[in-house]
Amino acid sequence: MDEKELLRTVPLFSELSEPDITSLGRLASRRRYPKDTVVFFENEEGDFFFIIVDGRIKVTILGDDGREIILSMLGPGDFFGEMALLDNEPRSATAIAVEESELLSLHRTDFQGVIGDNPAISAALIKVLSTRLRRANHQIVTQHDT
-9 MDEKELLRTV PLFSELSEPD ITSLGRLASR RRYPKDTVVF FENEEGDFFF IIVDGRIKVT
51 ILGDDGREII LSMLGPGDFF GEMALLDNEP RSATAIAVEE SELLSLHRTD FQGVIGDNPA
111 ISAALIKVLS TRLRRANHQI VTQHDT
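Residue 123 in our numbering is what sits at position 133 of the sequence shown, and the numbering runs on without skipping anything.
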């Protein structure tokens, strides 16, 4: 599957026109990450948005007591790394390949350009971020009650 076809499978980009998805596909690059490889660390500057082509990615933070807190386990078609691109803040978590993974990445300027030109993507992104925030809230409540 080429980059354009891969991008088309991601719900976030499903509404893009053919010319937009073609140009975005040319801007995307692929990279393989062996099992247990860190994609990025918490507090690093974030310049890339990632889409999982194959494999699984664990998104974690370290708790105050030094224990790992798993925020999410992501698989093919899922994306991550968008927060640092949207707010220009450092990465909020660490992303680790839990099995050999292939990722498609988009640079900050390309990602922001696509969002700016396509309001439907902004709406879809807000929906996904809201879902993730609700899940995080639920995790916090569940962990607090134990």
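Cβ coordinates follow ideal geometry from the N, Cα and C atoms, glycine included.
Identified DSSP bridge partners for residue i
{"i": "T84", "result": "T50"}
{"i": "F69", "result": "I41"}
Where residue i falls: helix, strand or coil (DSSP)
{"i": "L6", "result": "coil"}
Length of the line joining the Cα atoms of residue i and residue j
{"i": "L75", "j": "L61", "result": "19 Å"}
{"i": "V0", "j": "N78", "result": "23 Å"}
{"i": "L17", "j": "T99", "result": "10 Å"}
{"i": "F70", "j": "F40", "result": "5 Å"}
{"i": "F31", "j": "P9", "result": "34 Å"}
{"i": "L64", "j": "V43", "result": "11 Å"}
{"i": "M73", "j": "V49", "result": "13 Å"}
{"i": "T132", "j": "T12", "result": "43 Å"}
{"i": "A126", "j": "G53", "result": "14 Å"}
{"i": "I144", "j": "A85", "result": "Given a span of -9 to 136 for the chain in the structure shown, any question on residue 144 remains unanswerable."}
Please give me, in chain order, every unbroken run of the alpha helix (DSSP H) with length at least 4 that falls completely inside the stretch 78 to 128. 98 to 107
Mind listing, in chain order, the continuous beta strand (DSSP E) runs of no fewer than 3 residues lying wholly within the stretch 11 to 62? 19 to 23, 28 to 30, 38 to 44 and 47 to 52
Determine contact between the stretch 13 to 25 and the stretch 81 to 101, defined as no fewer than three beta-carbon pairs at a distance below 8 Å. yes
Does the pairing of the stretch 108 to 116 with the stretch 2 to 21 give three or more beta-carbon distances under 8 Å? yes
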